Structure formats: structure tokens, C-alpha cells
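There are 2 protein chains.
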Amino acid sequence: MSALPRALAAQLAALLDEGFLEDPAERLAYAYDNSRRQALPDAVALPRTRAQVLELVRACRRHRVPVIARGRGTNTTGATVPVAGGVVVSFERMARILDIRPGDRCAVVEPGLLNGALQDALTPHGLFWPPDPTSAGFSTVGGNLACNAGGPRAVKYGASRDNVLALTAVTGAGELVTCGSATTKGATGYDLQRLLVGSEGTLALIVEATLRLVPRPTARRALRAVYRDVASAAHAVARLMAQPVTPSMLEFMDHHAVRLAREVGGADLPADAGALLMIEADGEAHALDAAADALARAAAGDGLLALDAAPDEAARERLWAARKALSPALRTLAPGKINEDVVVPVSRIPSLVDGVQAIARETGLPIVCFGHAGNGNLHVNILYEPADGAQCAQAETALARVFALTVSLGGTLSGEHGIGLAKRDFMPQAIDAATLALMRQVKQVFDPDGILNPGKLLP
Amino acid sequence: MSALPRALAAQLAALLDEGFLEDPAERLAYAYDNSRRQALPDAVALPRTRAQVLELVRACRRHRVPVIARGRGTNTTGATVPVAGGVVVSFERMARILDIRPGDRCAVVEPGLLNGALQDALTPHGLFWPPDPTSAGFSTVGGNLACNAGGPRAVKYGASRDNVLALTAVTGAGELVTCGSATTKGATGYDLQRLLVGSEGTLALIVEATLRLVPRPTARRALRAVYRDVASAAHAVARLMAQPVTPSMLEFMDHHAVRLAREVGGADLPADAGALLMIEADGEAHALDAAADALARAAAGDGLLALDAAPDEAARERLWAARKALSPALRTLAPGKINEDVVVPVSRIPSLVDGVQAIARETGLPIVCFGHAGNGNLHVNILYEPADGAQCAQAETALARVFALTVSLGGTLSGEHGIGLAKRDFMPQAIDAATLALMRQVKQVFDPDGILNPGKLLP
Numbered sequence: 090m091s092a093l094p095r096a097l098a099a100q101l102a103a104l105l106d107e108g109f110l111e112d113p114a115e116r117l118a119y120a121y122d123n124s125r126r127q128a129l130p131d132a133v134a135l136p137r138t139r140a141q142v143l144e145l146v147r148a149c150r151r152h153r154v155p156v157i158a159r160g161r162g163t164n165t166t167g168a169t170v171p172v173a174g175g176v177v178v179s180f181e182r183m184a185r186i187l188d189i190r191p192g193d194r195c196a197v198v199e200p201g202l203l204n205g206a207l208q209d210a211l212t213p214h215g216l217f218w219p220p221d222p223t224s225a226g227f228s229t230v231g232g233n234l235a236c237n238a239g240g241p242r243a244v245k246y247g248a249s250r251d252n253v254l255a256l257t258a259v260t261g262a263g264e265l266v267t268c269g270s271a272t273t274k275g276a277t278g279y280d281l282q283r284l285l286v287g288s289e290g291t292l293a294l295i296v297e298a299t300l301r302l303v304p305r306p307t308a309r310r311a312l313r314a315v316y317r318d319v320a321s322a323a324h325a326v327a328r329l330m331a332q333p334v335t336p337s338m339l340e341f342m343d344h345h346a347v348r349l350a351r352e353v354g355g356a357d358l359p360a361d362a363g364a365l366l367m368i369e370a371d372g373e374a375h376a377l378d379a380a381a382d383a384l385a386r387a388a389a390g391d392g393l394l395a396l397d398a399a400p401d402e403a404a405r406e407r408l409w410a411a412r413k414a415l416s417p418a419l420r421t422l423a424p425g426k427i428n429e430d431v432v433v434p435v436s437r438i439p440s441l442v443d444g445v446q447a448i449a450r451e452t453g454l455p456i457v458c459f460g461h462a463g464n465g466n467l468h469v470n471i472l473y474e475p476a477d478g479a480q481c482a483q484a485e486t487a488l489a490r491v492f493a494l495t496v497s498l499g500g501t502l503s504g505e506h507g508i509g510l511a512k513r514d515f516m517p518q519a520i521d522a523a524t525l526a527l528m529r530q531v532k533q534v535f536d537p538d539g540i541l542n543p544g545k546l547l548p
Numbered sequence: 090m091s092a093l094p095r096a097l098a099a100q101l102a103a104l105l106d107e108g109f110l111e112d113p114a115e116r117l118a119y120a121y122d123n124s125r126r127q128a129l130p131d132a133v134a135l136p137r138t139r140a141q142v143l144e145l146v147r148a149c150r151r152h153r154v155p156v157i158a159r160g161r162g163t164n165t166t167g168a169t170v171p172v173a174g175g176v177v178v179s180f181e182r183m184a185r186i187l188d189i190r191p192g193d194r195c196a197v198v199e200p201g202l203l204n205g206a207l208q209d210a211l212t213p214h215g216l217f218w219p220p221d222p223t224s225a226g227f228s229t230v231g232g233n234l235a236c237n238a239g240g241p242r243a244v245k246y247g248a249s250r251d252n253v254l255a256l257t258a259v260t261g262a263g264e265l266v267t268c269g270s271a272t273t274k275g276a277t278g279y280d281l282q283r284l285l286v287g288s289e290g291t292l293a294l295i296v297e298a299t300l301r302l303v304p305r306p307t308a309r310r311a312l313r314a315v316y317r318d319v320a321s322a323a324h325a326v327a328r329l330m331a332q333p334v335t336p337s338m339l340e341f342m343d344h345h346a347v348r349l350a351r352e353v354g355g356a357d358l359p360a361d362a363g364a365l366l367m368i369e370a371d372g373e374a375h376a377l378d379a380a381a382d383a384l385a386r387a388a389a390g391d392g393l394l395a396l397d398a399a400p401d402e403a404a405r406e407r408l409w410a411a412r413k414a415l416s417p418a419l420r421t422l423a424p425g426k427i428n429e430d431v432v433v434p435v436s437r438i439p440s441l442v443d444g445v446q447a448i449a450r451e452t453g454l455p456i457v458c459f460g461h462a463g464n465g466n467l468h469v470n471i472l473y474e475p476a477d478g479a480q481c482a483q484a485e486t487a488l489a490r491v492f493a494l495t496v497s498l499g500g501t502l503s504g505e506h507g508i509g510l511a512k513r514d515f516m517p518q519a520i521d522a523a524t525l526a527l528m529r530q531v532k533q534v535f536d537p538d539g540i541l542n543p544g545k546l547l548p
């Protein structure tokens with residue numbers, strides 16, 4: 090039996106029938122996320138309708154019981170871990186595609202729909218939804234929206250916030266609100282839908298989303314550019330982003346990442362490679378030669394050691410092997426990994442990578458940088474031995490210094506993972522006191538009793 | 090002498106020196122906007138620094154005196170008309186470009202900068218800022234942001250809200266806040282900068298904007314497609330928007346507009362033309378043949394009467410002549426014009442145009458539709474005789490019915506002009522009571538005493 094007030098438990102059981110879980114073994118499956126943090130919820134709700142969500146939030150509000158929205162728990166920040174107990178609302182039974190409207194370039198979906206299932210359903214229409222987090226096969230649209238998920242193709246197509254037209258949501262006050270309209274332009278009052286995107290379930294629970302879709306390119310072309318050093322690669326990134334053909338992916342690997350991919354992953358890369366860019370163009374087949382030429386011209390410059398083009402999909406897979414070999418290879422350095430996704434203006438990538446390497450030297454820990462260079466969004470991987478208390482402390486020190494460095498370069502804490510628990514206490518470094526106070530007041534408007542995902546995002 | 094409390098007037102005069110205007114003749118120049126509404130402000134402030142704006146707002150708040158931000162008054166909704174008196178803050182002396190950073194694809198500017206002056210400064214860098222309202226030559230970046238201005242190329246590049254990275258602003262509470270960062274991705278707390286865009290000066294005064302820039306295409310190609318009727322043209326719009334080459338402009342004219350352009354404007358158009366699309370592609374010169382071919386294929390279909398391509402800029406100008414002839418030609422129908430910019434899902438354009446023509450028949454007034462078809466954002470022009478009281482009343486009836494029709498089609502009141510005074514009282518038709526109440530609470534957080542642009546946007 091859970092710690093919920095019995096009147097509330099009885100009301101929710103009657104409301105949700107077998108979609109209300111109180112058994113500790115069942116609750117355990119909803120206690121953690123990909124942050125490896127864990128806290129047992131008092132109950133789990135599996136609503137099937139927005140009316141159930143509305144009644145649930147109102148009931149929980151009356152009892153001042155926390156409500157934590159959950160997709161599939163793939164987020165890395167602890168944002169779905171119920172640290173204050175309460176009811177986890179999992180949207181796995183609200184996972185329908187309600188409408189696909191190719192002529193309007195939009196789809197209407199429930200929040201529990203998997204990103205990958207949506208993409209599959211859109212393929213016959215020649216459309217896709219731009220957000221492509223690595224987790225796309227097993228993360229939900231609602232979860233993607235909650236943390237403003239991106240992915241490699243955000244450099245051309247934007248992240249979740251750039252690809253939502255309208256949201257229906259239940260606020261912490263227990264009100265059903267409809268924000269935005271199914272139109273690609275709008276100047277009718279305050280833009281509340283983009284405010285909800287990235288708010289990590291602290292303002293409202295999304296119960297329906299109208300998503301902006303984009304025509305699916307019919308072909309793509311990959312290039313792999315190897316550079317002498319990080320600075321040469323970073324200058325190439327700036328050149329690539331300043332010319333008219335925006336790449337559909339522009340991924341970066343620093344010298345540690347390149348070495349790991351070569352030595353551990355077996356990727357075919359020159360021994361003197363100090364940095365690597367994976368560059369892709371997409372579009373219609375007949376226009377791709379010109380696009381790939383434009384990208385190759387921009388990639389060329391001082392410090393370029395090798396430029397390989399993939400003429401077909403098989404060759405593309407071989408070029409991407411270096412990137413795919415990387416994550417498993419990281420584990421050979423140390424079993425513990427802190428992976429943050431800081432973001433800086435593109436021109437500051439060299440300063441970020443240099444500064445991170447200085448932090449690595451001073452803390453004695455390996456730190457490997459790779460990620461979405463076209464957005465300045467680098468994944469900084471701090472590797473350490475979790476059984477070694479001194480290394481754990483050094484890793485925390487390194488993390489704090491990485492955040493301070495990022496902010497000093499005009500960047501911010503997260504590009505696509507969000508804040509959750511992991512970065513909450515660093516928020517005052519990134520956001521000034523007056524703006525943070527304003528965010529707290531906005532939270533208070535949407536969630537007057539503070540029942541939605543307490544302890545997350547705001548320090 | 091103005092009606093301001095003398096202590097406040099003295100404080101503002103000391104703060105702003107010759108940038109504080111109380112002479113009625115000088116105030117008159119700040120009393121109106123392009124809505125043709127008018128109301129004399131009690132004073133006009135011309136600040137040069139954000140510190141002055143901050144002190145001004147704090148002083149006005151202490152005296153509960155309204156503060157109305159103003160660019161150049163080109164907006165059509167009355168949003169800058171000081172209907173409750175108070176101090177108009179014109180940003181004409183805060184018009185500097187603070188930084189252009191081509192490698193980061195961003196520019197940092199003050200709000201009073203003219204859109205056109207920004208574009209001129211960006212041209213040597215091969216970059217542009219996407220919003221391109223017709224007023225671009227004489228409207229400000231701050232004003233564009235305040236009403237989420239768009240323009241023809243929004244169909245490919247988005248409107249103002251899609252092209253802002255960070256804003257520094259003074260809230261109605263007299264706090265300086267910094268929202269967002271100069272990065273193209275961000276998942277660090279609540280997105281307050283996009284909330285400020287389109288808020289029409291009711292939440293905060295923008296004192297600095299970091300704008301997202303886009304590489305300037307090196308070439309463009311225009312097509313003019315003439316259709317038998319509106320339905321054929323609307324189906325072509327849906328086909329054009331569903332294929333991978335997104336047009337850089339996709340403008341629509343209904344049968345009235347086509348007839349006016351031909352008969353009054355002298356445009357070379359077939360007599361049986363029932364609708365017209367102006368279609369453009371942009372990009373690199375070597376890729377444009379393929380792009381124009383793709384657009385021509387999508388434009389072709391049932392009801393297409395003629396498809397003309399412009400091989401060069403001179404031919405493009407000739408094709409655009411039909412569109413440019415239109416606005417002056419409208420005045421030949423009647424001297425009075427209500428021009429609203431409703432937006433519907435693209436697939437509902439035929440229903441909108443049909444419904445509008447039914448309203449025209451029933452009210453006995455000519456109504457002409459044209460505008461940004463790729464976004465479903467049509468300018469609905471209701472023409473009437475202002476000296477005729479019955480026609481004025483019919484025009485108001487027609488307007489209310491156009492809004493009701495738009496909302497019934499899943500659309501909303503404004504795509505790019507905003508709400509201001511003109512559409513404020515229609516807000517409850519477009520936005521449900523709970524959501525409108527939430528907007529009011531958000532307003533309360535940013536502007537607790539309701540001093541910022543009172544009477545606008547919210548009913």
C-alpha cells in the first residue's frame with residue numbers, strides 16, 4: 090500500500106480502474122529514468138483520456154500530492170524521477186495518432202506516442218517530424234516536447250520547440266488549456282505552447298499535440314572531413330554555417346573521440362587526425378551534387394587532412410561507423426560517465442574544447458567532446474571510476490567548471506537534454522536572479538500549489 | 090503641459106533631458122499608428138540607454154502611469170495608440186547595431202533599428218534576418234518582434250518568433266530580465282523570449298535583441314501560375330507545400346484580386362483567370378533549375394490555365410506587377426478598407442475564400458482576398474464607403490463573420506499583424522476562457538500594476 094491519502098487513492102482507483110497501480114513491484118518500473126537516479130512513486134496512473142488526466146490533477150491538487158508526467162523515462166537529467174513521491178502519470182495508454190493532415194503539414198497526436206512510431210506513420214505521406222533524439226525509437230513525443238529534444242538534424246530543421254503548432258494541456262491548477270492553433274503562423278495573444286515546450290512537466294501535462302511536419306527529403310549525401318586540430322574543424326563549422334546550403338547534420342568529434350573511434354572502435358582514420366566532422370546534405374536527388382559540392386568547398390581550408398564522400402548508403406554507413414563506435418568505446422576509459430550537453434555560440438567551440446581539456450588536465454580525468462557542432466551543442470563526457478571517492482569528487486568539480494566555462498563563453502547549460510535534477514542547482518550561474526524570479530512566478534501561475542514535478546528545473 | 094503628475098514629469102525630464110517631450114505638437118506625432126486610430130499621450134520619452142528605460146518604467150509604476158512602447162507606428166491594429174494616456178516610449182534613439190557575428194549567424198541590436206537598415210548591414214556578410222513585412226523599410230526590429238511580424242518569405246524562413254535567440258527586456262514590474270542565449274538550441278528553463286514576441290508591449294519593453302540570421306541565397310526564380318478557380322489554386326498550394334522544395338514565397342490572389350489587377354492595374358492576365366499564385370524558389374544558382382522544375386510540377390494540375398516562368402530579375406518584376414498593382418486598385422472599389430490577416434490551415438483556404446464571398450454577397454460589400462498562401466495567412470480586405478453609416482455597420486458585421494468563419498475552420502484571428510485594439514474584443518471567440526484567464530495571469534506576473542500598454546491584446 091502506498092503513502093497516498095486513502096480518499097485520493099480510492100478516487101483514483103475508481104477513475105482509472107486497472108490503470109491505477111499501487112503494488113510496489115509495479116511502481117518500481119516507474120521509479121527511475123536514464124539518469125540512473127531512483128525514487129519510488131506512491132502510485133502510478135495510466136490514463137486513457139484527457140478527462141481522466143483533468144480529474145486526476147484536480148484530485149491530487151486537493152490533497153497537495155505531487156503529479157509527475159512520464160513518457161518512457163529516456164531522459165538523462167532525472168526530470169521524471171518522483172523525488173517527492175506522489176503519482177507518476179505515464180502516458181503509455183494515450184499513444185494514438187489522432188490525425189495526419191499532409192496538406193496542412195501537421196499531425197495531431199497523444200503524448201504517449203513513440204517518436205519512432207510517428208515517423209513510421211508519416212513515411213507513406215512523404216513527411217517527417219524533425220526531432221530525432223538518439224532515443225527516438227523508444228522515447229515519446231510528449232517526453233520530447235517536455236525537454237525540447239533535438240538531435241543531429243536540428244541544425245537544419247530545428248528542435249521540438251520549433252516544430253509544435255498547438256498543445257492541449259492540463260495545468261497544475263487543474264484547468265484544461267488550448268494553446269496555439271494548427272497554423273504555421275500566429276499572432277493571437279501570448280505564445281503559451283512554446284513556453285510549455287521544455288518546461289519538463291513543471292507547468293502542465295500535455296494531453297494532445299499538433300506537430301509541424303516537414304516534407305521528407307528523397308535523398309541524402311554524407312561527407313567525412315578530418316582535420317589536424319579542433320581549431321581547424323571549428324573554423325570549418327563556421328564556414329559551413331555561413332554559406333547558403335545548410336547541412337542536414339553537422340557532427341563534431343574532438344581528438345580524444347577520434348582516437349577512441351580509431352583505436353578502440355577500429356574506424357579507418359588517419360593517425361594524425363585531431364578532429365572530425367560528419368557533414369550531410371539532404372534534398373532531392375538531382376540537387377544533391379551541387380549541395381555536396383558547396384559543403385565540400387566550405388569544409389576545405391587550413392588544417393583539412395582528408396575529405397571522404399559517401400556516394401551511396403553503404404558508404405555512408407561506413408563513414409558513420411566512427412561516430413557509432415564512440416559511445417561503447419568511451420566505456421573503455423572508465424566505467425563512470427557524466428554526459429552533459431552544453432551549448433555555446435558556434436564560434437566559441439574551440440574555446441570550449443580547449444577549456445574542457447584544461448579542466449581534464451587539472452582534474453586528472455579524461456573528458457571527451459563530440460556532438461552537434463552546427464548548433465554549438467557539444468556532449469561533454471567526463472569519465473571517472475565510480476568506486477573511487479576522490480575521482481567522484483573530481484568529476485563533480487570538473488562538471489561545475491564545465492558549466493562555468495560554458496556560461497563564460499555566452500552559452501548555456503543544456504541544448505536538448507534539459508535541466509531536471511542534474512543541472513537544477515547550476516541554474517543561477519546561467520540565468521540572472523531577476524529572470525529566475527520571473528520563471529518562478531510563471532510557475533506559480535500555472536501550478537499555484539507546486540504539485541507538478543516538484544524539485545525539478547528551478548533551484 | 091501634460092496631465093502627468095508633476096513629480097513624475099520632473100523626474101523624467103531630468104532623466105531624459107531633451108529626450109522628454111511634453112509639447113502637444115510634439116506629442117501629436119506619437120498619437121497614432123497605421124490603424125488610423127489616435128489618442129494623445131501625456132508625454133513622449135526618447136531614451137538612449139536601457140538604464141533610462143529601467144528608471145522610466147520604475148518611475149511610471151510608482152505613479153501608476155501607462156507606458157506604451159513604440160517603434161515607428163506602422164502596425165495596423167492600434168497597438169501603439171495610447172488610449173489610456175501615459176508615456177509613449179519611442180525607441181528611435183536606441184537604434185544601434187551592437188554586434189554582427191557571421192560565424193554564429195546572429196546579430197545583437199537595439200529595438201529602434203529599422204528592419205531595412207539591419208538588412209543593409211547584413212548584406213555584405215551574405216546574411217539576412219527573415220522577417221520581411223511590407224513595412225520593412227520603415228518599421229523597427231522591436232516593432233516587428235512586438236507583433237510577431239512575418240511577410241512573404243515566412244513560408245520558408247519563419248516569422249519573427251522563429252528568428253529570435255535572446256531578448257533583454259524591462260518588465261512592467263521594473264525588472265531587467267535576460268531571456269534566452271545567443272545559441273540556436275536551448276533547454277535551460279522556461280522560454281520567455283518567445284513569450285515576449287507577439288506580446289505587443291503588454292509584458293515588457295525589449296531593450297536588446299539577439300536575432301537569428303540566415304545565409305542569403307545567391308539567386309531566386311519566380312513562377313506565376315494562373316488557375317480557373319480558387320479551389321484549383323488551393324489544391325496546388327497543398328501540393329506545393331507537400332513536396333520537398335519549400336518555396337521561398339507562395340502568394341495567392343482570389344478572383345476579385347485578379348480582376349482588379351487586370352482591369353485596373355493593367356496586368357497581363359487571361360480573362361478567365363479565377364485565381365493566381367506567385368511562387369518563388371531561392372538558393373544557389375546551380376540548384377535553381379531543379380527547384381523551379383519541382384515547383385512547376387507541383388503547381389501543375391487540374392484547373393491550371395497558364396504557368397509563366399521569369400528567367401531573370403526583369404521578368405520577375407513584370408510577373409510581380411500584378412501583385413503590386415493590387416493595393417492601389419483596391420481603392421477604386423471603395424475608399425474605406427478593413428484589412429485583416431486571418432490564418433487558417435492551408436487545406437481550408439478554399440472554404441475560407443468561399444465563405445468570405447458568401448459574406449460579401451450577404452452584406453453587399455466587395456471583399457478581396459490575397460496573401461501568404463503557404464502559411465494559410467490571407468489578407469481579407471472589406472471595402473466600404475466610410476461616409477455611409479449603413480455600409481460602416483455592414484463592414485463591422487462582415488468583419489465579425491469573417492473572424493467567426495476563420496475560427497470555425499480551425500484558424501485564428503491574426504497571422505502577423507497582431508491583436509492590438511482592433512481584434513481585442515474578438516479574442517474570446519478564438520481562445521477559450523481558461524486559456525485567456527491564464528494569459529491574464531501571465532500578464533499580471535510581468536506587469537503587476539497593468540501599466541504596460543493598457544487596453545491592448547487582452548479583452
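Chains as they are written, first to last, in our numbering: chain Y, 90 to 548; chain R, 90 to 548. For glycine and all other residues, C-beta sits at the position ideal for the given N, C-alpha and C. These numbers come from a predicted model, not from an experiment.
Point to revise | Meets three-Cβ-pair contact criterion under 8 Å: the segment 406 to 424 of chain Y and the segment 502 to 512 of chain Y | key: No, the segment 406 to 424 of chain Y is not in contact with the segment 502 to 512 of chain Y.
Point to revise | The alpha helix (DSSP H) enclosing residue 299 (chain Y), as first and last residue numbers | key: For the purposes of this step, residue 299 (chain Y) is taken as the residue at position 210 of the first sequence. No alpha helix (DSSP H) holds residue 299 (chain Y); the beta strand (DSSP E) holding it covers 293 to 301.
Check your understanding: Is it true that the CB of residue 156 (chain R) sits closer than 9 Å to the CB of residue 542 (chain R)?
Key -> Within the second sequence, residue 542 (chain R) is the residue found at index 453, counting from 1. Within the second sequence, residue 156 (chain R) is the residue found at index 67, counting from 1. Going by C-beta atoms, residue 542 (chain R) is nearer than 9 Å to residue 156 (chain R).
Check your understanding: Quick one, which of Y:459, Y:102, Y:175 and Y:191 has its alpha-carbon nearest residue 350 (chain Y)'s?
Key -> Position 261 of the first sequence, counted from the first residue, corresponds to residue 350 (chain Y). Per the Cα distances, Y:459.
Check your understanding: residue 458 (chain R) lies in the beta strand (DSSP E); which residues open and close that run?
Key -> In the second sequence, counting from the first residue as 1, residue 458 (chain R) sits at position 369. DSSP places residue 458 (chain R) inside the beta strand (DSSP E), whose first and last residues are 456 to 461.
Practice item. Please decide whether residue 204 (chain R) counts as near chain Y, where near means a Cβ-Cβ distance under 9 Å. Key: Stepping through the second sequence from its first residue, residue 204 (chain R) is reached at position 115. For residue 204 (chain R), the answer is no, since every Cβ of chain Y falls outside 9 Å of its Cβ.
Check your understanding: For residue 197 (chain Y) versus residue 300 (chain Y), is the C-beta distance shorter than 9 Å?
Key -> By 1-based counting over the first sequence, the position of residue 197 (chain Y) is 108. By 1-based counting over the first sequence, the position of residue 300 (chain Y) is 211. Yes, the pair counts as a contact, with Cβ atoms nearer than the cut-off.
**Study point:** Opening and closing residue of the alpha helix (DSSP H) in which residue 405 (chain R) lies
**Key:** As a first step, residue 405 (chain R) is located in the second sequence; it is residue number 316 there, counting from the start. It spans 402 to 413 - the alpha helix (DSSP H) in which residue 405 (chain R) sits, taken as one unbroken run.
**Study point:** Own chain, CB closer than 6 Å to residue 265 (chain R), minus 5 neighbours either side, in chain order
**Key:** Residue mapping note: residue 265 (chain R) aligns to position 176 of the second sequence, counting from 1. 143 and 259.
Review point. How do the segment 307 to 324 of chain R and the segment 267 to 274 of chain R stand: do at least 3 beta-carbon pairs fall below 8 Å, yes or no?
Key: no
Review point. Which bits of chain Y does residue 48 (chain R) rub up against, with CB to CB less than 7 Å?
Key: One cannot answer for residue 48 (chain R) here, as it falls past the ends of chain R, which runs 90 to 548.
Review point. Mind pulling the chain Y residues with CB within less than 7 Å of residue 200 (chain R)?
Key: By one-based count along the second sequence, residue 200 (chain R) stands at place 111. Near residue 200 (chain R) there are no residues of chain Y at all, since even the closest Cβ is about 18 Å away, more than 7 Å.
Review point. At a CB-CB cut-off below 8 Å, which residues of chain R make contact with residue 527 (chain Y)?
Key: Numbered from its first residue, the first sequence carries residue 527 (chain Y) at position 438. The answer, in chain order, is 260, 264, 266, 281, 534 and 535.
Review point. Which partner residues does residue 127 (chain Y) have in the DSSP bridge list?
Key: Looking up residue 127 (chain Y) in the first sequence gives position 38. In DSSP, residue 127 (chain Y) forms a bridge with Y:121.
Exercise for review: List in chain order: all unbroken alpha helix (DSSP H) runs of 4+ residues lying wholly within the segment 459 to 543 of chain Y.
Suggested key: 478 to 497, 516 to 519 and 522 to 535
Exercise for review: Measure from the C-beta of residue 288 (chain R) to each C-beta in chain Y and report whether the shortest distance is under 9 Å.
Suggested key: Walking along the second sequence from the start, residue 288 (chain R) turns up at place 199. Yes, residue 288 (chain R) lies at the interface with chain Y (some Cβ there is under 9 Å from its Cβ).
Point to revise | Given residue 240 (chain Y) as reference, the closest of R:273, R:279 and R:188 once Cα atoms are compared | key: Locating residue 240 (chain Y) in the first sequence gives position 151, counting from the first residue. Across the set R:273, R:279 and R:188, the C-alpha of R:273 shows the shortest separation from the C-alpha of residue 240 (chain Y).
Review point. Could one say the Cβ of residue 214 (chain R) lies closer than 9 Å to chain Y's Cβ atoms, at least one of them?
Key: Here residue 214 (chain R) refers to the residue found at position 125 when the second sequence is read from its first residue. Yes, residue 214 (chain R) counts as interfacial toward chain Y.
**Study point:** Distance, residue 547 (chain R) Cα to residue 286 (chain R) Cα
**Key:** Counting from 1 along the second sequence, the entry for residue 286 (chain R) is found at position 197. Counting from 1 along the second sequence, the entry for residue 547 (chain R) is found at position 458. So the alpha carbons of these two residues sit roughly 15 Å apart.
Review point. If you measure beta-carbon to beta-carbon, which residues of the segment 494 to 509 of chain R are closer than 7 Å to chain Y?
Key: Residues of the segment 494 to 509 of chain R whose Cβ lies closer than 7 Å to any Cβ of chain Y, in chain order: 499, 500, 501, 502, 503, 504, 505, 506, 507 and 508.
Check your understanding: Roughly how many whole angstroms lie between the Cα atoms of residue 342 (chain Y) and residue 232 (chain Y)?
Key -> For this step, residue 342 (chain Y) is matched to residue 253 along the first sequence. For this step, residue 232 (chain Y) is matched to residue 143 along the first sequence. Those two C-alpha atoms are separated by around 27 Å.
Exercise for review: With a 10 Å radius around its C-beta and 16 neighbouring C-beta atoms as the bar for buried, classify residue 283 (chain R) as buried or exposed.
Suggested key: Sequence index remark: in the second sequence, residue 283 (chain R) carries index 194 (1-based). Around the CB of residue 283 (chain R), 16 or more other CB atoms lie within 10 Å, so the residue is classed as buried.
Point to revise | Buried/exposed call for residue 340 (chain R), threshold 16 Cβ in 10 Å | key: Your numbering for residue 340 (chain R) matches position 251 in the second sequence. Buried, since its Cβ has 16 or more Cβ neighbours within 10 Å.
Point to revise | 9 Å Cβ cutoff met for residue 167 (chain R) and residue 194 (chain R) | key: Sequence index remark: in the second sequence, residue 167 (chain R) carries index 78 (1-based). Sequence index remark: in the second sequence, residue 194 (chain R) carries index 105 (1-based). No; because the gap between Cβ atoms is not below 9 Å, this pair is not in contact.
Review point. Are the beta-carbon atoms of residue 452 (chain Y) and residue 490 (chain Y) separated by less than 9 Å?
Key: Your numbering for residue 452 (chain Y) matches position 363 in the first sequence. Your numbering for residue 490 (chain Y) matches position 401 in the first sequence. With contacts defined as CB atoms closer than 9 Å, residue 452 (chain Y) and residue 490 (chain Y) qualify as a contacting pair.
Check your understanding: Just checking my contact of residue 139 (chain Y) with residue 108 (chain Y) at CB under 8 Å: how many whole Å lie between their CB atoms?
Key -> For the purposes of this step, residue 139 (chain Y) is taken as the residue at position 50 of the first sequence. For the purposes of this step, residue 108 (chain Y) is taken as the residue at position 19 of the first sequence. So it is not a contact: roughly 14 Å between Cβ atoms.
Review point. Using a beta-carbon distance below 9 Å, is residue 546 (chain R) in contact with chain Y?
Key: Reading the second sequence from its first residue, position 457 is the one you call residue 546 (chain R). It does: the Cβ of residue 546 (chain R) has a partner Cβ on chain Y nearer than 9 Å.
Review point. First and last residue of the beta strand (DSSP E) that includes residue 428 (chain Y)?
Key: Taking the first residue of the first sequence as 1, we reach residue 428 (chain Y) at position 339. Its beta strand (DSSP E) spans residues 425 to 429.
**Study point:** Residue burial classification, residue 336 (chain R) (beta-carbon count within 10 angstroms, cutoff 16)
**Key:** Indexing the second sequence from 1 puts residue 336 (chain R) at position 247. Residue 336 (chain R) comes out buried.
Exercise for review: Measure the Cβ-Cβ separation of residue 463 (chain Y) and residue 315 (chain Y) and say whether it is below 9 Å.
Suggested key: As a first step, residue 463 (chain Y) must be located in the first sequence, where it is residue number 374. As a first step, residue 315 (chain Y) must be located in the first sequence, where it is residue number 226. Going by C-beta atoms, residue 463 (chain Y) is not nearer than 9 Å to residue 315 (chain Y).
Practice item. Examine chain Y for any beta-carbon lying closer than 9 Å to the beta-carbon of residue 195 (chain R), and answer yes or no. Key: In the second sequence, the residue the question calls residue 195 (chain R) occupies position 106. Yes, residue 195 (chain R) counts as interfacial toward chain Y.
Practice item. Run down chain R in chain order and give the residues with a C-beta less than 9 Å from the C-beta of residue 357 (chain Y). Key: Stepping through the first sequence from its first residue, residue 357 (chain Y) is reached at position 268. Going along chain R, no residue has its Cβ under 9 Å from residue 357 (chain Y), so there is no contact; the nearest lies around 31 Å.
**Study point:** Buried or exposed (CB count within 10 angstroms, at least 16 for buried), residue 355 (chain Y)
**Key:** Translated into the one-based positions of the first sequence, residue 355 (chain Y) becomes position 266. Under this definition residue 355 (chain Y) is an exposed residue.
**Study point:** Buried or exposed by the 16-neighbour rule on C-beta atoms within 10 Å, applied to residue 408 (chain R)
**Key:** The sequence position of residue 408 (chain R) within the second sequence is 319, counting from 1. In the assembly as shown, residue 408 (chain R) is a buried residue. Its beta-carbon has 16 or more other beta-carbons within 10 Å.
Exercise for review: Count the other C-beta atoms from every protein chain shown that fall within 10 angstroms of the C-beta of residue 465 (chain Y), then say buried if there are 16 or more, exposed otherwise.
Suggested key: Translated into the one-based positions of the first sequence, residue 465 (chain Y) becomes position 376. Buried is the call here.
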